[in-house]
Amino acid sequence: MMIRQIKPSDNPVLAQIIRASLEEAKLALPGTAYFDASLDNLSEFYLAKPGRCYFVLEEEGQVLGGAGVAEFDSANKIAELQKLYLTTEARGQGLSKLLLGKCEQFAQAAGYHELYLESHHNLQVALQLYERMGYRSCQGLAGSEHSLMDRFFVKELSRK
Numbered sequence: 013m014m015i016r017q018i019k020p021s022d023n024p025v026l027a028q029i030i031r032a033s034l035e036e037a038k039l040a041l042p043g044t045a046y047f048d049a050s051l052d053n054l055s056e057f058y059l060a061k062p063g064r065c066y067f068v069l070e071e072e073g074q075v076l077g078g079a080g081v082a083e084f085d086s087a088n089k090i091a092e093l094q095k096l097y098l099t100t101e102a103r104g105q106g107l108s109k110l111l112l113g114k115c116e117q118f119a120q121a122a123g124y125h126e127l128y129l130e131s132h133h134n135l136q137v138a139l140q141l142y143e144r145m146g147y148r149s150c151q152g153l154a155g156s157e158h159s160l161m162d163r164f165f166v167k168e169l170s171r172k
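Numbering of the sequence shown is given in this note's numbering, commencing with residue 13 and proceeding in unit increments.
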């Protein structure tokens, strides 16, 4: 098992994993990542600028999922955790926790002070993970593209 940065050949499988996960959660709706313009070309978005990264979880050449970090509020040094999704088979093994930890390390190293995320009440397992990992509930921040999200969390990162 390895975690690595996204590459262009990952785009189709990651888009499929994300869409399938959202369909399963009854969230294949406008106002979610399901309809993001960049979903079919995640590598272009995450490789375009410093301060962004998408980590891919792979085992024996098979992509199991991933998670990303990108700027949300540069002036306040807030990054956003984005698109943390796994295949059905990869869930329940602690792999989301590994990806989340990798994203937190990246965000801190990139100079962000906080990691913000948006979720939905349908995603109960994810909400429990965020709380276990030290995220606290907060109000949604202005500027979000995902209007259907109704749960918001933030975690302060150690400052170097």
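Note that beta-carbon positions come from the ideal geometry of N, C-alpha and C, so glycine has one too.
Exposure of residue i, with buried meaning 16 or more beta-carbon neighbours within 10 Å
i	result
D22	buried
Q117	exposed
S170	exposed
S108	buried
K19	exposed
G155	exposed
G104	exposed
S86	exposed
G77	buried
L54	buried
L41	exposed
Beta-carbon proximity check, residue i vs residue j, cutoff 8 Å
i	j	result
L111	A79	yes
F67	Q17	yes
L135	A37	yes
C115	V75	no
Y147	L160	no
H125	K167	no
E71	M13	yes
G63	A122	yes
F84	L153	yes
H158	G73	no
Identified DSSP bridge partners for residue i
i	result
R163	S131
Y124	According to DSSP, which records beta bridges pairwise, Y124 is partnered with nothing at all.
F67	Q17 and A79
Y147	DSSP lists no partner for Y147.
E168	E126
First through last residue of the beta strand (DSSP E) which encompasses residue i
i	result
F47	From DSSP, F47 is part of no beta strand (DSSP E); its letter is neither H nor E.
L59	Per DSSP, L59 belongs to no beta strand (DSSP E); it is in the alpha helix (DSSP H), L54 to L59.
E92	I90 to L98
Top-ranked residue by Cα proximity to residue i, from the options
i	options	result
S149	E157, Q140 and S50	Q140
Y142	P20, G106 and S86	G106
I15	L153, A91, S86 and L98	L98
H133	F165, E92, G104 and S55	F165
Q120	F57, D48, A40 and L93	L93
A45	F57, R31 and E56	R31
S50	P24, L39 and L41	P24
L69	L96, L39 and G152	L96
Q151	D162, R144, H158 and M145	D162
G113	M145, S131 and S33	M145
Start-to-end residues for the alpha helix (DSSP H) that takes in residue i
i	result
E36	N23 to E36
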